[in-house]
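Single-structure report; data block below.
Chains as they are written, first to last, in my numbering: chain W, 265 to 702; chain X, -5 to 332; chain C, -13 to 312.
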């Protein structure tokens, strides 16, 4: 293997250099420390010697061209044929940053330590700002869900708690702390929500039969009814199913769960499915679109909705720009959105603007389903229960039976937007992303 | 080389650069004024009215002679803390000096912020000074450099003691001034003591002026108790500087007639024989004798002059003592220029 | 708008100020025909005869002479070749330049700029890598500026030359050629004093300057990918400090991280931390956190040692994560 000759850093603060003249041509031999080329920088002009004896194999940067420090500019075949790198220039490269690695021999940078809370018990410490907000609003901090280290109530937790009456459905009275009342007497309950007008074609009830009882429609139930009905009416739904081996995802999650926990993030499977959907949408962008009479609107940004089942219904908060987040970012977003969906503290805009949706119906044991599209999106992915099953694997032409953690992926798509083969290509990409997860 | 009066043509009636009799009497008046103010300051200190005094007694001839060779309002002076006589010649009034002693709000040097004897006035081109010694020598070089850049013909004069010549700033500034032939006069007032440390523990050479050769500038040792010698030597240095021929180091051999300051007792480190001899080198006595000898100032005239000066110093003392102290509210004024 | 690097921006600033005002001159080691060891004054020696002056190797008189020159109606720009060599001029800067206006009760002013390339990460070892801002930001009467972008560097340099006070102008030498940015052709100024929010955010505030500002921005992008919104404030001027912008930011985000390359103890970050603790205590949702260089005498030469010394985007991101999770 040849030796790489890189653009040296000639002087402090210099980040690039220009090849002035090659003093050797490919095929010519060069002695160790013999001048190989001339380099011009805005600080110095100098000859650069060969790092070892050998034959110049190839010139990669021609005379007159300017490249960044550390760029490979030529290759040299060592006289002894050894493979080696000429000089360790990583980190010298102007744009590159030194010292990302940290190990036992490298002292940690001096940093003031924040006190760590024991994760075992809830951290009841009130920071100055939380103490002030709690006092000003006459709140009982014990009633506020803490999202900070060790369950500490953060400033954001208090602000969300204070914003709650505006957000939460009126049915969620059980979530209203009694202590709110004195500070904000009656305000949260005084105005009953206006019910939307039922769709005209739904059956109207003339009288309640004697052997039945009436369950009033909650605003959420009414919204789900309206939406699913409209969706089925709007889009021709087609569902296609593939199965997926989640062995690698499970292994990755097991290996990283504790580390995430250490950062205060619970690692579920959902972020993996979001990543896989992003991969699918990148492979088949049309599924990140919406049907209109003028044409299919293909969205550039990927906002992925995640269905969250609640006792009284379903909410679909949206992870924004999912393609720009890494696993930690996705996990943190999912944790946060799901928690706030369950405690009714989502902002209205947090359930809007999705471009694709995932429903993890497997958590309730379902193997596969035919989910209904969340309008105006192009598709919805259902993820079934993860079940250990015997599967046939082929290795070197030999078939064997193995136990694998399998799940069914059900994609419902809008047939106006695309067709079965394209939808399957998407689903295959999702499957691939999960099975080859690294 | 040590120059004295006999080495230079100074006779008012001679054929050299002549000084009119009234100029000589004016020189004497400044020397006497400086002495009178200085003695008054000691009285005020010993009477508990002035916390601190640092003296120029014994240096009057060196300063007055040099200052008379400069052009007031044009040339820059950067005296050190013994420079009372020089600032008086350059235009500071006895009242202004007393305002500084009493740290009054109207003190033009610093508004009562600095210790006494740290004189300065932009109007008079007397550059504000500090207490760490020698820093002003670098400033003087820079003033000369700026004058060169501006194409002006002002010269800059700075003074310091022989102890200060041990400082790096002395070396750095003289070197710079010589490299660029800057219009500067460096006056070392060598009174042989840096507080208690004698000259022989400050340097291994006999004369400060011997060092000038190493910088590439003329160095002259002169009897600093001889006001006319001081005038003539400085006049030549000023002429040289204004012509663009570069800087001069002038070493004025003077006597320190008092302790270092009001907080010092020089009897602990100076032999009593030396203390007794000091009066024999008193530059004021010496110049008075010269003027009498040359019939330039009669006994009556001298007595009259002394009385006038005492009255002037009395008035200055009273005016300054009665002037208001700085308002604490002004503590934060002038941290930054607007 | 042309894109130039930070070094060129400073050179343009000096050039334009010298073209506009014959009182401006440069005094420093190798600034003349060589154009400075970093080439900041390259080409100016021929363009302004007699006003780009090579100094003897004597930092005290470089600054001291510029003080004198400033008092004689010129506008000097002193160049200290490396900030590491500024110590001999400490007395002239701290006790003279910074005090002359105050001690003369406003009579004298010292309108001068002291440029000093500082900072490490460039294999400069103990005496070509130091951060010196803490020594000087302590001094009332002195202004201390540390720009991070070409735009700010040029605009601040011009403001510094025009300022009637001594201004210590700190240039992180690693940013000289590394950092490029748009600089308008038109004449403009960046005022001394105001900080600049280089990246707005919600979850925590980071305060930095010089090279560390760029590392903090890089780390903030990493955190954004993880779902954490970081506000990055470029202090730009350390003295006088823009306390309003600092406090406004922290009162909103409730968390503060201060990053500097200088060693931690007694570093400038302590001043910001104290400011926040004193004036934003009831708005804090986490301990005020500092990330600085280690408390060792100076930056060693060998690459692993230098890397271990330098705060990096990775180290900053780790501190951000910890603070975000608190």
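We treat Cβ as the ideally placed atom computed from N, Cα and C, and that holds for glycine.
- Message: Does any residue of chain C have a CB that is nearer than 7 Å to the CB of residue 306 of chain W?
- Response: Reading the first chain from its first residue, position 42 is the one you call residue 306 of chain W. Flagged as an interface residue toward chain C: residue 306 of chain W, by a C-beta distance shorter than 7 Å.
- Query: Pick from X:121, X:95, X:132: whose alpha carbon is nearest that of residue 49 of chain X?
  - Reply: The count along the second chain starts at 1 and reaches residue 49 of chain X at position 55. Minimum Cα distance to residue 49 of chain X is reached at X:95.
- Query: What span of residues does the alpha helix (DSSP H) with residue 302 of chain X cover, start to end?
  - Reply: As a working note, residue 302 of chain X is residue 308 in the second chain. For residue 302 of chain X, the uninterrupted alpha helix (DSSP H) segment begins and ends at 293 to 316.
- Proximity test, Cβ basis, 7 Å: residue 82 of chain C and chain X: Stepping through the third chain from its first residue, residue 82 of chain C is reached at position 96. Closer than 7 Å to some Cβ of chain X, the Cβ of residue 82 of chain C qualifies, so yes.
- Query: Along the stretch 77 to 105 of chain C, what residues have a CB closer than 7 Å to any CB found in chain W?
  - Reply: Within the stretch 77 to 105 of chain C, no residue has a Cβ that lies closer than 7 Å to any Cβ of chain W.
- Count the other C-beta atoms from every protein chain shown that fall within 10 angstroms of the C-beta of residue 3 of chain C, then say buried if there are 16 or more, exposed otherwise. Indexing the third chain from 1 puts residue 3 of chain C at position 17. Buried, by the Cβ-count rule.
- Throw me the rounded Cβ distance for the residue 151 of chain C and residue 129 of chain C pair, which I believe falls under 8 Å. Within the third chain, the letter at position 165 stands for residue 151 of chain C. Within the third chain, the letter at position 143 stands for residue 129 of chain C. For a cut-off of 8 Å, the C-beta gap from residue 151 of chain C to residue 129 of chain C is around 6 Å, short enough to register as a contact.
- Query: Mapping DSSP to helix, strand and coil, what is residue 72 of chain C?
  - Reply: Position 86 of the third chain, counted from the start, is the residue given in the question as residue 72 of chain C. Residue state, collapsed to three classes: coil.
- For the stretch 270 to 290 of chain W and the stretch 154 to 162 of chain C, state whether three or more C-beta atom pairs, one from each stretch, are separated by less than 8 Å. With a cut-off of 8 Å on Cβ pairs, the stretch 270 to 290 of chain W is in contact with the stretch 154 to 162 of chain C, counting three or more such pairs.
- Task: Note down the Cα distance separating residue 81 of chain C from residue 124 of chain X, rounded to an integer number of angstroms.
- Result: As a working note, residue 81 of chain C is residue 95 in the third chain. As a working note, residue 124 of chain X is residue 130 in the second chain. Whole-angstrom Cα-Cα distance: 8 Å.
- Bridge partners of residue 129 of chain C, per DSSP? Here residue 129 of chain C refers to the residue found at position 143 when the third chain is read from its first residue. Partner residues in the beta bridge of residue 129 of chain C, as assigned by DSSP, are C:153.
- Item | Listed by chain order, chain X residues near residue 11 of chain C by CB distance under 9 Å | In the third chain, residue 11 of chain C corresponds to position 25, counting from 1. Per Cβ cutoff of 9 Å: 139, 140, 143.
- Item | DSSP state of residue 184 of chain C mapped onto helix, strand, coil | Here residue 184 of chain C corresponds to residue number 198 of the third chain, with the count starting at 1. Here residue 184 of chain C sits in strand by DSSP.
- Query: Is DSSP giving residue 192 of chain C helix, strand or coil here?
  - Reply: Counting from one through the third chain, the residue named residue 192 of chain C turns up at place 206. Residue 192 of chain C falls in the strand class under three-state DSSP.
- Per DSSP, which residues does residue 245 of chain C bridge with? Please list them. Here residue 245 of chain C corresponds to residue number 259 of the third chain, with the count starting at 1. Answer by DSSP bridge pairing, in chain order: C:277.
- Item | Nonlocal neighbours in the same chain, by C-beta distance under 7 Å from residue 461 of chain W, ignoring five residues either side | On the first chain, position 197 is the one that residue 461 of chain W refers to. Here residue 461 of chain W scores only 42 on pLDDT, less than 50, and its place in the model should not be relied on; the value that follows carries that caveat. Within the same chain, no Cβ atom closer than 7 Å to the Cβ of residue 461 of chain W is found once the five residues on either side in sequence are excluded.
- Query: Who are the Cβ neighbours of residue 17 of chain X in its own chain at under 8 Å, not counting the five residues just before and after it?
  - Reply: Counting from one through the second chain, the residue named residue 17 of chain X turns up at place 23. Excluding sequence neighbours, residue 17 of chain X sits near 62.
- Item | Short-range partners of chain C found in the stretch 266 to 292 of chain W, where Cβ spacing is below 7 Å | Those would be 276, 277, 278, 279, in chain order.
- Stretch-stretch touch, CB-based, cutoff 8 Å, three pairs: the stretch 658 to 670 of chain W with the stretch 533 to 547 of chain W: Not touching, per the Cβ criterion.
- Task: Would you tell me roughly how many angstroms separate the C-alpha atoms of residue 633 of chain W and residue 627 of chain W, rounded to the nearest one?
- Result: Counted from its first residue, the first chain places residue 633 of chain W at position 369. Counted from its first residue, the first chain places residue 627 of chain W at position 363. Put simply, the backbone Cα of residue 633 of chain W is about 12 Å away from that of residue 627 of chain W.
- Task: Starting from the beta carbon of residue 626 of chain W, find every residue of chain C whose beta carbon is closer than 7 Å, and list them in chain order.
- Result: One-based indexing of the first chain puts residue 626 of chain W at position 362. Within chain C, no residue comes near residue 626 of chain W; the closest Cβ sits about 25 Å away, beyond 7 Å.
- Message: Can you check whether the C-beta of residue 474 of chain W is within less than 7 Å of a C-beta belonging to chain C?
- Response: Here residue 474 of chain W refers to the residue found at position 210 when the first chain is read from its first residue. Not closer than 7 Å to any Cβ of chain C, the Cβ of residue 474 of chain W fails to qualify, so no.
- Message: Whole angstroms are fine: how far does the CA of residue 585 of chain W sit from the CA of residue 339 of chain W?
- Response: The count along the first chain starts at 1 and reaches residue 339 of chain W at position 75. The count along the first chain starts at 1 and reaches residue 585 of chain W at position 321. If you take the alpha carbons of residue 339 of chain W and residue 585 of chain W, they lie about 42 Å apart.
- Query: Beta carbon of residue 269 of chain X, beta carbon of residue 152 of chain X: below 7 Å?
  - Reply: Indexing the second chain from 1 puts residue 269 of chain X at position 275. Indexing the second chain from 1 puts residue 152 of chain X at position 158. No; because the gap between Cβ atoms is not below 7 Å, this pair is not in contact.
- Task: Note the first and the last residue of the continuous alpha helix (DSSP H) segment covering residue 152 of chain X.
- Result: For the purposes of this step, residue 152 of chain X is taken as the residue at position 158 of the second chain. No alpha helix (DSSP H) holds residue 152 of chain X; the beta strand (DSSP E) holding it covers 150 to 155.
- Query: Does the Cβ of residue 120 of chain X have 16 or more other Cβ atoms within 10 Å, making it buried, or fewer, making it exposed?
  - Reply: For the purposes of this step, residue 120 of chain X is taken as residue 126 along the second chain, with counting starting at 1. By the beta-carbon neighbour count (other beta carbons within 10 angstroms, threshold 16), residue 120 of chain X is buried.
- Can you tell me the Cα-Cα spacing of residue 149 of chain X and residue 57 of chain C, whole angstroms? In the second chain, the residue the question calls residue 149 of chain X occupies position 155. In the third chain, the residue the question calls residue 57 of chain C occupies position 71. Using only the alpha carbons, I get a separation of about 14 Å.
- Message: Along the stretch 588 to 618 of chain W, where does the CB come closer than 7 Å to a CB of chain C? Name the residues.
- Response: Listed in sequence order: 588, 589, 590, 592, 593, 596, 597.
- Message: Would residue 99 of chain C and residue 63 of chain C be called neighbours here (beta carbons separated by less than 7 Å)?
- Response: As a working mapping, residue 99 of chain C is identified with position 113 in the third chain. As a working mapping, residue 63 of chain C is identified with position 77 in the third chain. Contact flag set, yes.
- Task: Would you grab the beta carbon distance between residue 244 of chain C and residue 255 of chain C for me? Rounded to a whole angstrom, and I think it's under 8 Å.
- Result: In the third chain, residue 244 of chain C corresponds to position 258, counting from 1. In the third chain, residue 255 of chain C corresponds to position 269, counting from 1. Indeed they touch by this definition, with Cβ atoms about 4 Å apart.
- Task: Answer yes or no: do residue 54 of chain X and residue 28 of chain X have a C-beta to C-beta separation smaller than 7 Å?
- Result: Indexing the second chain from 1 puts residue 54 of chain X at position 60. Indexing the second chain from 1 puts residue 28 of chain X at position 34. Yes; because the gap between Cβ atoms is below 7 Å, this pair is in contact.
- How long is the line joining the alpha carbons of residue 312 of chain W and residue 326 of chain W, rounded to whole angstroms? By one-based count along the first chain, residue 312 of chain W stands at place 48. By one-based count along the first chain, residue 326 of chain W stands at place 62. Rounded to the nearest whole angstrom, the CA to CA distance from residue 312 of chain W to residue 326 of chain W is 15 Å.
- Thinking C-alpha only, which one of X:245, X:188, X:173 is nearest residue 201 of chain X? For this step, residue 201 of chain X is matched to residue 207 along the second chain. Of the residues X:245, X:188, X:173, the one whose Cα lies closest to the Cα of residue 201 of chain X is X:245.
- Beta-carbon neighbours of residue 20 of chain C, restricted to chain W and to distances below 8 Å: Numbered from 1 along the third chain, position 34 holds the residue referred to as residue 20 of chain C. Under the 8 Å cutoff, chain W gives no residues; its nearest Cβ is about 10 Å from residue 20 of chain C.
- Can you give the beta carbon distance from residue 648 of chain W to residue 504 of chain W, rounded, assuming they're within the 8 Å contact cut? Walking along the first chain from the start, residue 648 of chain W turns up at place 384. Walking along the first chain from the start, residue 504 of chain W turns up at place 240. At roughly 13 Å, the Cβ-Cβ gap does not stay under 8 Å, so residue 648 of chain W and residue 504 of chain W are not in contact.
- DSSP bridge partner residues for residue 506 of chain W (one or two, in chain order): To locate residue 506 of chain W, count along the first chain from 1; it is residue 242. In the DSSP assignment, residue 506 of chain W is bridged to W:673.
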